[in-house]
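Enquirer: Chains A and B supply the protein sequences, listed in that same order. Here the first sequence is numbered in this note's numbering, starting from 2 and rising by one per residue. Here the second sequence is numbered in this note's numbering, starting from 2 and rising by one per residue.
Protein chains: 2
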Amino acid sequence: MISMSDVPPPGQWLSDAEQQAWRAYVTGTSVVGRLLDRALKARGLSPEDYGILAMLSEAPDRQLRLGELAAQLRLPKPFLTYRFQRLEQSGLVERRQCPTDARSAFCVLTDAGVEMVALVAPEHVASVRGALFDHLSPAQVGQLGRIMAAVIEGIDSGENECESDCETGAP
Amino acid sequence: MISMSDVPPPGQWLSDAEQQAWRAYVTGTSVVGRLLDRALKARGLSPEDYGILAMLSEAPDRQLRLGELAAQLRLPKPFLTYRFQRLEQSGLVERRQCPTDARSAFCVLTDAGVEMVALVAPEHVASVRGALFDHLSPAQVGQLGRIMAAVIEGIDSGENECESDCETGAP
DNA sequence: ACCAGTTCGTTCGATTTCAAACAACCCCAG
DNA sequence: CTGGGGTTGTTTGAAATCGAACGAACTGGT
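(1) To be precise: take each residue of the region 138–158 of chain A, compare its Cβ to all Cβ atoms of chain B, and keep it if any distance is under 9 Å. Which residues remain?
(2) Could you tell me the boundaries of the beta strand (DSSP E) in which Ala106(A) lies?
(3) On the three-state DSSP scale, how would you describe Gln64(A)?
(4) So, is Gln13(B) buried or exposed, given that buried needs 16 or more other C-beta atoms within 10 angstroms?
(5) DSSP state of Gln98(A), grouped into three classes?
(6) Anything in chain A within Cβ reach of Arg75(B), meaning under 8 Å, just list it in chain order.
(7) Using 9 Å as the threshold, is the C-beta distance between Val121(A) and Phe134(A) below it?
(8) Among Pro61(A), Leu57(A), Pro100(A), which residue has its Cα nearest to the Cα of Ala71(A)?
(9) Which of the residues in the region 97–128 of chain A, read from start to end, lie with their CB under 7 Å from any CB of chain B?
(10) Going along chain A, which residues have a C-beta under 7 Å from Asp135(B)?
(11) Short of 8 Å in beta carbon distance, which residues of its chain neighbour Ala106(B), apart from the five on each side in sequence? Order them along the chain.
(12) Give a yes or no on whether the minimum CB-CB distance between Ala171(A) and chain B is below 9 Å.
(13) So, does the CB of Ala22(A) fall closer than 9 Å to a CB anywhere in chain B?
(14) Chain A beta carbons: is any one of them nearer than 9 Å to that of Arg130(B)?
(15) Here's the rule I'm using: 16 or more other beta-carbon atoms within 10 Å means buried, otherwise exposed. How should Asp50(A) be labelled?
(16) To the nearest whole angstrom, what separates the beta carbons of Gln21(B) and Gly146(A), a pair I think is in contact under 8 Å?
(17) Around the Cβ of Glu19(B), are there at least 16 other Cβ atoms within 10 angstroms (buried) or fewer (exposed)?
(18) Please name the residues in the region 49–74 of chain B whose beta-carbon is closer than 7 Å to at least one beta-carbon of chain A, in chain order.
(19) Touching or not, the region 27–38 of chain A and the region 148–159 of chain B, by the rule of three or more beta carbon pairs under 8 Å?
(20) Does chain A have any CB closer than 9 Å to the CB of Ala43(B)?
(21) Assuming Asp38(A) is part of the alpha helix (DSSP H), what are its boundary residues?
(22) Cutting at 6 Å between CB atoms, please list the residues of its own chain near Leu74(B), excluding the five before and the five after it.
(23) Return yes when the Cβ of Ala132(A) is within less than 9 Å of the Cβ of Ile156(B), no when it is not.
(24) Taking 9 Å as the threshold (beta carbon to beta carbon), is Gln86(A) in contact with chain B?
(25) Given Arg39(A), which residues of its chain have a CB within under 6 Å of its CB, disregarding the five upstream and five downstream residues?
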């Protein structure tokens, strides 16, 4: 079922269906984001902090170099430096010398960090359910996954001429 | 087609399909957001600025009170105060005394603001296309709209006990 | 008129964010 | 071994963000 409002990109504006989808997307992502942030903040973690911990907890030896983290999480490097210091002060994470390259140090998850992830992850999953999946049918879950995957794929392939910065010292 | 990985919420974790959808959602929204921000920033506007201007441009007489803006856009009030000053300096908006209530002043879009919206809106639409709709089939556009609408509906109905704050002086 | 109680928006303070410049280091050709 | 070119992560400085406290102004009852 394709209605007239779906078919062509009319001139310079969005079709009705696109308009509706866009508005829902904007406020939806905003509301979902707010909900997830709230749950994490109660544990003293920013959403990015959780990303860092989760990424490390899945890495081999629970360690990654800072640049890898930045690239995977698509965060600017100075931001990671700052945030990592904060996590260090909480004892969730620590640095370790890289034996082969004195420039870079490994970012490793401490045992306390592992505990924190074990504690927070289920809460976070519950938040994700409450914010997203509880309101969707299984079919819609699949659709959402394919849609966002297509978007990522489309953007990544369409702009690799602008590289994958997240670097700042790159003139 | 429903595979075993789709059906039940297994215990305390996400199904494979949910896992995939969630990851795609997180990085997808992040990437899309970055893309849109970039286009607006080239005009000296933050995404919230654009929201403010767009909201005002659709309001009767192109004016709203600050509290209304805060509520509609779901932004904290001090944030709006600050951002609005910035927009005032650019000449895109201005305040006007409310004749019946000396506390509050109207936020109105100037002619320059109208021009700015007219200039930026098409660019923004193009960004939205480039970031989102260009990568989706018409069917997927409809799916996305319904999915996000369901999410908003679900969340709003599920937590209206926590009111619609965005206020800060509320003890 | 007058005094609580409420609502409106601003100000203050501490934190967060990030682009640009920077220092340290690796690699490799000459 | 030495020096250019590319990498890695940090420092810096300015701007943004937002919770909490604040003052000013409307409201309704007495």
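The beta carbon of each residue, even a glycine, is placed where N, CA and C say it ideally should be.
Expert: Judging by the given coordinates:
(1) Ser138, Pro139, Ala140, Gln141, Val142, Gly143, Gln144, Leu145, Gly146, Arg147, Ile148, Met149, Ala150, Ala151, Val152, Ile153, Glu154, Gly155, Ile156, Asp157
(2) 106–110
(3) strand
(4) exposed
(5) strand
(6) Thr28, Ser31, Val32, Arg35
(7) no
(8) Leu57(A)
(9) Pro123, Val126
(10) Gly155
(11) Arg66, Leu67, Arg96, Arg97, Gln98, Cys99
(12) Residue confidence for Ala171(A) is low, a pLDDT of 40 falling below 50, so the modelled location carries little weight; the figure read from the coordinates is stated next. No, because no Cβ of chain B sits closer than 9 Å to the Cβ of Ala171(A).
(13) yes
(14) yes
(15) buried
(16) 5 Å
(17) buried
(18) none
(19) yes
(20) no
(21) 17–42
(22) Gly52
(23) yes
(24) no
(25) none
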